[in-house]
Structures are given as C-alpha cells and as structure tokens.
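Just below is one structure, and these are the notes that go with it.
Numbering (UniProt numbering), first residue to last: 1 to 184.
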C-alpha cells in the first residue's frame, strides 16, 4: 500500500480525532472535521490527493456526499479539472442516473446527473474514508454509467482490515492515512 504525504511536517493521522463508541459501542469514528479545521493539514491533504493522481490524465473529480465534496472540490481546483458531485437520492435537480447498494443494515442510493460527464471523461473519485467500499463501488458504477472512465480513487483515511480496497481492485486506490478499525 502506498501512502502519500506532501509535507512531512504535517501528521495527517494526528490531525484526525478518534471518537470511541460512535455511532454505536465498539466503533471508533474518524472525525475529519479536526483535519479540515487545521489549515495546514487540510491544505497538505488536498495537495497530496492531487499529487498522487497528477499523472493519470484526470479531466473530472467526483466527490461523494458529503465530506467527499469538501476534499473533492479542493482537489479539482488544484488539478484544474471539473468537479462532479455524487449525491444521495433526491438531491440533484436534473435528470439522474441512480445506483442502489447494500449497507451493513439496509440499503442506500446514490445519484449523478446523467449529463455530468462527457463520453470518455477520466474521473478521479474522492472521499474522506474507505471502509467496506460499498459507497465507493456504487460511485464507480455511476461514473461508468454516465460515460466516464475511473482514472483512480483517493481517500484521506483507509480502515485496513475491512474489504474496501478489494472492492476497488485495479482502480489505482491511494490513501493518505492508514488505520485499523479498532485502533485509537
């Protein structure tokens, strides 16, 4: 697994708050608002995500709702590309392509505007955290259905020991901070 850190003086993992037993006992929630509230760490994170994919011919960055919007838009700006939101159902105002997918306890649905990507667009998928990979895999399917090619995927944090990376096999997944599911 490759990790990238543009500025070695910024410890991205230390900038992320761990909240035990949220949203339920036994879960350690990774709160990236502390990273976003630290200008140096946020800047370094967004630049590292952009740098990791600079040589992939990216034409569009797609960010997954909601924190993927924050990081994705900043990465798109640094890469001088278009930004495309991947949203929860019912949030986009125009005609959409829809993908439902299984969650641990239920189902969710994501959408993308059907005209969001020109045929052959090379899309970098960005989100804050890679865990089980269900949301990211559904987003990949949406990008492809809209006519785009997935040029890579970038995440701020990856929870190792969960199947997220294996669900995105062959997509050039890059993460900046690795942590275990149980690690504090």
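Every residue, glycine too, gets a C-beta built ideally from N, C-alpha and C.
Cβ-Cβ distance between residue i and residue j below 7 Å
{"i": "residue 75", "j": "residue 46", "result": "yes"}
{"i": "residue 125", "j": "residue 73", "result": "no"}
{"i": "residue 92", "j": "residue 99", "result": "no"}
{"i": "residue 15", "j": "residue 38", "result": "yes"}
Straight-line gap, residue i to residue j (C-alpha atoms, nearest Å)
{"i": "residue 42", "j": "residue 105", "result": "32 Å"}
{"i": "residue 78", "j": "residue 136", "result": "22 Å"}
{"i": "residue 121", "j": "residue 25", "result": "42 Å"}
{"i": "residue 12", "j": "residue 90", "result": "34 Å"}
{"i": "residue 19", "j": "residue 34", "result": "12 Å"}
{"i": "residue 101", "j": "residue 168", "result": "15 Å"}
{"i": "residue 158", "j": "residue 127", "result": "10 Å"}
{"i": "residue 165", "j": "residue 173", "result": "7 Å"}
{"i": "residue 95", "j": "residue 113", "result": "6 Å"}
{"i": "residue 138", "j": "residue 163", "result": "14 Å"}
{"i": "residue 80", "j": "residue 17", "result": "30 Å"}
{"i": "residue 22", "j": "residue 31", "result": "10 Å"}
{"i": "residue 155", "j": "residue 107", "result": "22 Å"}
{"i": "residue 54", "j": "residue 82", "result": "14 Å"}
{"i": "residue 140", "j": "residue 27", "result": "26 Å"}
As assigned by DSSP and simplified to three states, the class of residue i
{"i": "residue 134", "result": "helix"}
{"i": "residue 147", "result": "coil"}
{"i": "residue 40", "result": "helix"}
{"i": "residue 26", "result": "coil"}
{"i": "residue 77", "result": "helix"}
{"i": "residue 70", "result": "helix"}
{"i": "residue 169", "result": "coil"}
{"i": "residue 129", "result": "strand"}
{"i": "residue 174", "result": "strand"}
Residues near residue i by beta carbon distance below 6 Å, same chain, minus five either side
{"i": "residue 171", "result": "150, 153"}
{"i": "residue 103", "result": "none"}
{"i": "residue 134", "result": "101"}
{"i": "residue 29", "result": "19, 22"}
Own chain, CB closer than 8 Å to residue i, minus 5 neighbours either side, in chain order
{"i": "residue 117", "result": "60, 84, 123, 143, 146, 147, 148"}
One or two residues paired with residue i in a DSSP bridge
{"i": "residue 186", "result": "Coverage of the chain is limited to positions 1 through 184, which leaves residue 186 absent and any answer about it impossible."}
{"i": "residue 60", "result": "82, 123"}
{"i": "residue 87", "result": "111"}
{"i": "residue 34", "result": "DSSP, once it has assigned bridges, lists no residue as partnering residue 34."}
{"i": "residue 45", "result": "None; residue 45 has no bridge partner."}
{"i": "residue 142", "result": "Beta-bridge pairing links residue 142 to no other residue."}
{"i": "residue 161", "result": "Answer by DSSP bridge pairing: none, since residue 161 is not bridged."}
Close Cβ partners of residue i (< 7 Å) along its chain, the five nearest in sequence each way excluded
{"i": "residue 36", "result": "42, 70"}
{"i": "residue 97", "result": "111, 112, 114, 142, 145, 146"}
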